[in-house]
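Under my numbering, read the sequence shown as residues 10 to 225, first letter to last.
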Amino acid sequence: MTRQSPASEDAPDAEFPAAVEAIRTRRSGHNFDPDGDVSEETLREIVRDATFAPSAFNLQPWEFVAVRDDERLDTLVDLAFGQDHLRDAGTGVVVVGHTESERNAERVYTEWAEAGRITEDDAAERIAQAEADDPDREFAIRNASLAAENFLLSAHARGLKATPMTGFDFDGVADFLDLPDDQIPVVLIALGESGGDEPERLPRRSVDDVLHIDDY
Numbered sequence: 010m011t012r013q014s015p016a017s018e019d020a021p022d023a024e025f026p027a028a029v030e031a032i033r034t035r036r037s038g039h040n041f042d043p044d045g046d047v048s049e050e051t052l053r054e055i056v057r058d059a060t061f062a063p064s065a066f067n068l069q070p071w072e073f074v075a076v077r078d079d080e081r082l083d084t085l086v087d088l089a090f091g092q093d094h095l096r097d098a099g100t101g102v103v104v105v106g107h108t109e110s111e112r113n114a115e116r117v118y119t120e121w122a123e124a125g126r127i128t129e130d131d132a133a134e135r136i137a138q139a140e141a142d143d144p145d146r147e148f149a150i151r152n153a154s155l156a157a158e159n160f161l162l163s164a165h166a167r168g169l170k171a172t173p174m175t176g177f178d179f180d181g182v183a184d185f186l187d188l189p190d191d192q193i194p195v196v197l198i199a200l201g202e203s204g205g206d207e208p209e210r211l212p213r214r215s216v217d218d219v220l221h222i223d224d225y
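This is the structure:
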């Protein structure tokens, strides 16, 4: 039988207790206030927080496309198979990942060289390698997903509700947003003000159930 952890636990002593609290109290809900509004300034701050996520070689292979126009949001709801809470939220954010690392490689590795982390020759070699790499969907998904989690936590810390979705027409969303060929939609996030309480959180799997030391 799968062991479950309680819905809430006392946070252990931590240097950043507010961060622990944000992690343990974040919820993915469907109850948004349709009359609420997330300002562009707040949206920009949330995205800024998202960009502090770690990424492979610091390439930061992500973009964020916010859909706020009512008609375009209706289309996005259709592409998300009718998930109406996206419309109630008022903002749909598509987290996009780069499948080709070369897009940011020159800037990133030049910065590394300027900071003395690598030599100019090393930078040139890494840039050339990035340009030669084949497109990699897993690279895009892994890195963009890290940024998406930062986005969710930042929204929660600001008193907003943010619900991630992967149930949508990926090709349709890519066409709808006119994404370049080397970019793919990874996660769709409904962002808005809370419309009230959500059902009680279901239990999480316990640490004993998911943690394996030295081997599985």
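Here a beta-carbon is modelled for each residue, glycine too, at the ideal position from N, C-alpha and C.
In the three-state reduction of the DSSP assignment, Ala-89 falls in the coil class, being assigned neither a helical nor a strand state. Pairwise C-beta distances place the stretch 35-48 in contact with the stretch 203-221, as three or more of them are shorter than 8 Å.
Taking the Cβ atoms as the reference, Asn-113 lies roughly 5 Å from Leu-68, within the contact range of under 8 Å. In its chain, beyond the 5 residues on either side, Phe-185 have a beta carbon closer than 7 Å to the beta carbon of Thr-84. Contact fails between the stretch 113-125 and the stretch 192-200, because fewer than three Cβ pairs, one in each stretch, are under 8 Å apart. Each of His-107, Phe-179, Asp-187 was checked against the Cα of Ala-65, and the nearest Cα belongs to His-107. Excluding the 5 residues flanking it on each side, Ala-59 has same chain C-beta neighbours closer than 6 Å at Ala-156, Asn-159, Phe-160, in chain order.
By the neighbour-count criterion, in which a residue is buried when 16 or more other Cβ atoms sit within 10 angstroms of its Cβ, Leu-220 is exposed. In the pairwise beta carbon analysis, the stretch 171-182 is classified as touching the stretch 83-101: at least three pairs are separated by under 8 Å. Boundaries of the beta strand (DSSP E) around Ile-193: 192-201. For Glu-129, there is no enclosing beta strand (DSSP E); the enclosing alpha helix (DSSP H) has its first and last residue at 129-141. For His-94, the secondary structure class from DSSP, reduced to helix, strand or coil, is helix.
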